[in-house]
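Sequences listed follow chains D and Z, in order.
Here full-length UniProt numbering is used: the first residue of the first sequence is 1, the next is one more, and so on.
Here full-length UniProt numbering is used: the first residue of the second sequence is 1, the next is one more, and so on.
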Amino acid sequence: MTGTCIELKNLEFQWPGATRPLLSIPQFNVQQGERVLLRGASGSGKSTLLSLIAGIHAPAKNQLHVLEHDMGKLSQRQRDKLRANEIGYIFQQFNLLPYLTAVANVSLAAKFSPARRRRVNEISPHHSEHAKELLLQLGLDKGDLSRPAHQLSVGQQQRVAAARALFGSPALIIADEPTSALDADHRDNFIQVLFNACQQHNTTLLFVTHDGSLAHHFERSIELNEINQATLGHI
Amino acid sequence: MIRLALASLLNRKASAWLTILAIAVSTLLLLGVERVRHQTQENFANTISGTDLIVGARTGNTQLLLSSVFHIGALSNTLSWQSYQHLQGLRGVAWHIPIALGDSFGEFPVVATSTDFFEYFRYADRQALIFAQGDSFDDAQTAVLGAEVAKRRQLKLGDKFTISHGSGGISFSDHDAHPFKVSGILERTGTPVDQAVYIPLSGLGQVHGESVRDTTHENEHAHDHEHTHEHSHEPPVYTFSAVLLGLSSRPLALRMQRDINTYQGEPLTAIMPGMALTELWRTLNLFEKALLAVSTLVVATGLLGMLTALLSSLRERRREMAVLRAVGAGPVTIFGLLVSEALILAMVGVGIGIGMLYLIIGVGGDALLANTGILLRATPLTTTEWSFLAAIILAALILSFIPAWRAYRNALADGLTIRV
C-alpha cells in the first residue's frame, strides 16, 4: 500500500494570544506503511504537532492533510470521527481506563468507531476474542487479559495501549513517548513488539520521543528542530 | 455509553452508593409523605358514610368528629340520656346510634353502643358491617370485636376478656369483675372499626354501676341529675359521648343541625361528617404543605449531593476523559457520559426509594397502624407519585448538565494532554 499518510505543507500554527508561531514547517511527509521517529526536546512543539495530526486542534486550510483529509476543513466532529476510525494513539502513560479489564480497554477502540468495528468483524465476530489475540501477540500473559487495568504493571499497560491502538487496524498509530516510563529492557522489547504488529497490519507509525538513542530502530528519523523553522528562527 | 457510565460509576462505588442512598432516602420521604397524606385522606373519607349528623355535647366540630368516629382524642363533655331521648324523637330521624366512649381494652378503645350500630353504620361506599363470625350482642356481658382486635389479641368466639377504665395503655382501675364474652367478630373494613371493641350500653352500665362509688367516676356521673324518665325502665347509662343520626331525607340535615345546636335542654353540637372532614383538611392543609416542602428540600439536598459528587469526580477523571478522547469520543459523548451517569444514579436511587417504601409498608405497616393509627396500603403508585418521581429524575437530568458542561469544556481544552 502506498500513498501519503501525513502531509504537511507550509504549516503555521500559533496558539491564540501567542506573539509568534510555535510551528512553522515548510514540508514534512510520512508515507503509508512507514515507521518514522520524530525527535524533539520538550517544549519544541511536539505535543502541539501531534494534537494537530490527531485532530484535536485544527490547523488552517491546506496546511495539513491526514489520509487525504484536509484537517483545516474538517469540523471538530469530523476530526473526532477520523481519529476514532483511523488513528491509534498511545500516551506516555496512563493510557487505560483503570476500571476496565485489559480486554475491555482494547475493545474500547471500536466503541466510537463504526469503521473499526467493521474491520474487526471481518477478522472475528467476537471482538473480545480478537482483542485477546492482539494482547497475546503483544506479549501479555493469558492470566492478565481479564485483570482490571490498574492491576497491571506499567510495561503491561503500555502493551495494552498498543493493542488498543492497533485494534480494528487504523491506518496510523501515533505514539507519544510511549517508552519513557519503561526501563531500557522493556523499552527495546516494547518497540520490537510494536514494530512487528505494525508491519503485520501495514500500519503507519509516527513515534515521538525526546530520546535520540532509539533512532537506530527506525528506518527514518526526523529532528523536529530541523524541519520547524519557528524554532530555527528563534535560535 | 450506558455500559461505560456504569463501569465508571462502579469504579467509584463508595461515592456512587452514597449518592444513590441519599436520593433513595429522599425519594422515600417524598413518596411516604405523599402516601400518608393521600391515604389518610382516603381512609378518613372512607371511615364514615351514610351518617347525616353526629351529635355530641358542646365541643369543637373536629374534636367531635375525631373522637366519635376515629377514636382519636377524648371528649370531655357528655350528652345526657334525656338529650338522646330528645334526638330520637326529632322528626325525620330514620335511625340513631348512641356511642359511649371512655373505656379501653389494652390499646383498643371500647365503644358502648346499641345493636343498631351493626345494622345502620356504613363506611366507605355505603358498605354495611358484616360479621365474620358470630353475631351481635346477646346480653349485657357480650362484646363484638373489630377484626384487628380479634387478630392481635387472638380472641375467638366465646373467649372472655375484661376492659379497663380510661383510654389506652395501663389503667389502674380495671373492671375485672365484669368479663365480657365475645359474641361476634366483624369482617375487616380498613377503618377504625377494626380497632375497636363493641359492648352493649347495658354492659357499660353494669361495669360502671359497679364502680359508681369509685371516686374517679364522680365527674362522669356528676350530672346524674333527677330527670323524668319517659320510659318505664331505667336507662342503661346516663351519659353518652355522641349520637350518630341517619335522616329520612338528606336535605333535612342542615335545618336539624341548627335545631340541635340551639337545643335548650343542654348545649349540644351537631356536625355533618363530610363538612367536618373538609374543615379538618383545611386545618391540616398548611401542615401538609409544610411537610411536602420539607421533603422536597430533602430531595433537593439529595440531588445536590449527586451534583457535588459528580463535579468533584471530574478532576480525578481528566485522564479518563483524555483516554476517551484519544479513542475518538467527541466532547458530545463526554457530555452524554456525564448525563448518563447522573441518570443512572437518579434512577437507581428512585428505584431503591420505591422499593424501600413498599418494604416499609410491607414489613412495618402493621407496626405503623398499631402505633400511629395510620393505615398505609401497598397500592400501586398514583399519578401524583409518578409525577413526583418524574420530577426527581428530570431535576437530576437538568442538574447533570452542570458537570456535563464542565467535562465538555475540559475535554475541548485538554484534548489529549493528560493533566494529572
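The beta-carbon is built from N, C-alpha and C at its ideal position, and this holds for glycine as well.
Short of 6 angstroms from the beta carbon of D:Glu-34, and not among the five residues preceding or following it, lie these beta carbons of its own chain, in chain order: Thr-204. Straight-line measurement puts the Cα of Z:Ile-334 at about 33 angstroms from the Cα of D:Phe-28. Residue contact check for D:Lys-81 against chain Z: a CB pair falls below 9 angstroms. Residue-level contact check: D:Asn-225 does not touch chain Z, since none of the beta carbons of chain Z fall below 9 angstroms from its beta carbon. The C-alpha of Z:Ala-132 is placed about 25 angstroms away from the C-alpha of Z:Ile-72. With a beta-carbon spacing of about 6 angstroms, Z:Ser-313 and Z:Arg-12 fall inside the 8 angstroms limit used to define contacts. About 49 angstroms separates the CB atoms of Z:Ile-130 and Z:Leu-345; that is not less than 8 angstroms, and the two are not in contact.
The contact set of D:Lys-46 on chain Z, defined by CB atoms closer than 7 angstroms, is empty, because the minimum CB distance reaches about 11 angstroms. Z:Thr-51 carries a coil assignment under DSSP once its states are collapsed to helix, strand and coil. The beta-carbon of Z:Ala-309 is placed no less than 9 angstroms from the nearest beta-carbon of chain D. Taking 3 residues as the shortest admissible run, the stretch 115-171 of chain Z contains the following complete beta strand (DSSP E) segments, listed from N- to C-terminal end: 131-134 and 142-145.
Interface annotation, D:Leu-100: in contact with chain Z, CB-CB separation under 9 angstroms. Only those residues of the stretch 22-47 of chain Z whose C-beta falls short of 9 angstroms from the nearest C-beta of chain D would be listed, and there are none. Pairing Z:His-38 with Z:Thr-283 gives a Cβ-Cβ distance that is not under 9 angstroms.
DSSP, reduced to helix, strand and coil, places Z:His-96 within a strand of the structure shown. Around the Cβ of Z:Arg-255, a 10 Å sphere holds fewer than 16 other Cβ atoms; the residue is exposed. Assignment of D:His-126 by DSSP, reduced to helix, strand and coil, places it in the coil class. About 5 angstroms separates the beta carbon of Z:Glu-148 from that of Z:Gln-195, a gap short enough to meet the 8 angstroms contact definition.
Taking a 10 Å sphere around the C-beta of D:His-126, we find fewer than 16 other C-beta atoms and assign the residue as exposed. For the stretch 303-331 of chain Z, residues whose beta-carbon sits nearer than 9 angstroms to a beta-carbon of chain D comprise Arg-319, Glu-320, Ala-322, Val-323, Leu-324, Arg-325, Ala-326, Val-327, Gly-328, Ala-329, Gly-330 and Pro-331.
Residue contact with chain D for Z:Leu-4: present (Cβ-Cβ distance below 9 angstroms to some residue of chain D). For Z:Ile-392, the enclosing alpha helix (DSSP H) covers residues 383-414. The beta-carbon separation of D:Leu-23 and D:Thr-48, rounded to 6 angstroms, stays under the 8 angstroms limit for a contact. Per DSSP, Z:Ser-183 lies in no alpha helix (DSSP H) segment; the continuous beta strand (DSSP E) that holds it begins and ends at 180-186. Contact note: Z:Ser-8 reaches chain D through Tyr-99, using a C-beta cutoff of 7 angstroms and chain order. Secondary structure remark: continuous alpha helix (DSSP H) runs of at least 4 residues inside the stretch 84-162 of chain D, in chain order: 102-111, 114-123 and 127-137. Per DSSP, the beta bridge partners of D:Phe-207 are D:Leu-37 and D:Ala-175. Around the beta carbon of Z:Asp-139, fewer than 16 other beta carbons lie within 10 angstroms, which makes this residue exposed. Straight-line spacing of the CA atoms in Z:His-96 and Z:Ala-242 works out to 10 angstroms. Assignment of Z:Arg-250 by DSSP, reduced to helix, strand and coil, places it in the coil class. Under the DSSP definition of a beta bridge, D:Gln-27 partners with D:Lys-9. When DSSP states are grouped into helix, strand and coil, D:Asp-183 belongs to the coil group. Counting C-beta atoms within 10 angstroms of its own C-beta, D:Phe-91 has 16 or more neighbours from the protein chains shown and is therefore classed as buried.
If you check the CB distance, D:Val-160 and D:Ala-197 do not come in under 9 angstroms. In terms of Cα proximity to Z:Ile-392, the closest of Z:Ala-404, Z:Gln-206 and Z:Thr-296 is Z:Thr-296.
Chain Z has a Cβ within less than 9 angstroms of the Cβ of D:Ala-104.
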